[in-house]
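Residue numbers (my numbering): 4 to 329.
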């Protein structure tokens with residue numbers, strides 16, 4: 004009798020295939036990462052031998068045939084994008100899915116952008132971020148260890164770039180780790196209090212802040228349990244979500260049935276807004292953002308919050324004399 008392979012094993016092998024096809028990591032690293040990932044779960048740790056063997060065979064196949072990744076979003080996910088956006092936008096998202104071998108970074112001193120553009124042979128993006136080729140270990144690149152820049156996708160950097168007059172602003176950053184947006188705020192002169200519940204993520208946040216020579220109040224606590232008499236000018240909610248907007252980097256997400264994970268995530272998102280409002284000064288702001296393509300996690304969520312809280316309203320941020328409605 005043939006036993007059906009656990010879905011988790013299949014998903015690990017899908018990750019290997021994605022990494023090999025998109026050339027996002029050295030072949031040996033893809034195999035090693037797959038085996039290490041398998042060891043972290045009871046469902047997969049007994050399949051490490053199988054995963055190692057199949058991964059090595061996949062490497063051999065890709066080397067012999069020089070296969071190229073063909074754009075192909077998961078059917079249900081693409082149908083959602085077509086319905087909610089359009090066929091044209093869904094096709095563009097699908098093309099983005101094939102992009103690889105690049106990573107975006109934020110420069111701590113914007114006056115040095117041109118210098119680091121030349122130094123790292125980078126492409127200057129419209130927002131001031133740089134896009135570099137991921138052809139070697141990032142920590143080995145010039146400026147990383149010296150705290151001149153940090154890794155941050157262009158889309159993740161946009162919300163903070165919309166805010167004017169950040170200097171001396173008191174900010175509470177919920178779900179702060181690994182700290183990309185917190186570092187943006189600190190670099191612009193804000194005083195930031197970082198909250199995160201995960202010890203591993205807090206450790207990473209502190210490492211990033213130390214490398215960048217930045218200071219913040221870092222608190223390991225679940226946002227449900229956070230208490231403070233202090234009020235803030237801005238509460239930033241970079242909320243946990245389905246991460247469906249990150250498929251360029253995390254190609255496995257669409258295959259992990261993001262629709263089924265929504266129920267718990269939607270509850271956290273709603274609660275985070277209702278808790279955040281208790282820590283905002285009069286005439287202060289909540290900046291709510293995520294990495295989801297689902298309207299239920301973004302637009303619908305904040306519209307429902309405004310509907311249920313009559314003393315809150317949408318505000319326009321003014322940056323560089325351009326009104327950007329949020």
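Note that the Cβ used here is the ideal one computed from N, Cα and C, for glycine as well.
In this text, all values refer to a predicted model and were calculated from it rather than measured experimentally.
TODO: Can you give me the Cβ contacts of residue 40 inside the same chain, cut-off strictly under 7 Å, excluding the 5 residues immediately before and after it?
DONE: Residues of the same chain with a CB within less than 7 Å of the CB of residue 40, apart from the 5 flanking positions on each side, are 15 in chain order.
Task: Bridge partner(s) assigned by DSSP for residue 196 - done: Note: residue 196 sits in a beta bridge opposite 175 and 220.
Task: Proximity of residue 275 and residue 242 at Cβ, strictly below 7 Å - done: Result yes, Cβ atoms of residue 275 and residue 242 sit closer than 7 Å.
Task: Three-state class that DSSP yields for residue 287 in the structure shown - done: DSSP places residue 287 within a strand segment (E or B) once states are collapsed to three.
Open item on the list: Just list the residues that DSSP pairs residue 331 with in beta bridges.
Closed with: The requested residue 331 does not occur in the structure, where the chain is confined to residues 4 to 329.
Open item on the list: Which residue wins for smallest C-alpha separation from residue 29, given the options 45, 56, 65 and 13?
Closed with: Ranked by Cα distance from residue 29, the first of 45, 56, 65 and 13 is 65.
- [ ] Can you check DSSP and say which residues form a bridge with residue 33?
- [x] DSSP, once it has assigned bridges, lists no residue as partnering residue 33.
- [ ] Leaving aside the five residues before and after residue 163 along the sequence, list all residues of the same chain whose C-beta is less than 7 Å from its C-beta, in chain order.
- [x] Result list for residue 163: 184, 187 and 188, in chain order.
- [ ] Can you tell me which of 17, 285, 154 and 294 puts its alpha carbon nearest to the alpha carbon of residue 233?
- [x] Ranking 17, 285, 154 and 294 by Cα distance to residue 233 puts 285 first.
Task: Cβ neighbours of residue 218 in the same chain (closer than 8 Å, five flanking residues each side left out) - done: Only 189 and 212 meet the Cβ criterion.
Open item on the list: Tell me which residue opens and which closes the beta strand (DSSP E) that residue 45 is part of.
Closed with: For residue 45, there is no enclosing beta strand (DSSP E), as DSSP marks it with neither H nor E.
Task: Close-in-space but distant-in-sequence residues of the same chain around residue 58 (CB under 6 Å, 5 per side omitted) - done: Excluding sequence positions up to five before and after residue 58, its CB lies within less than 6 Å of the CB of 19, 34 and 37, all in the same chain and listed in chain order.
TODO: In angstroms with no decimal places, state the Cα-to-Cα distance between residue 22 and residue 96.
DONE: Straight-line Cα distance between these residues: approximately 18 Å.
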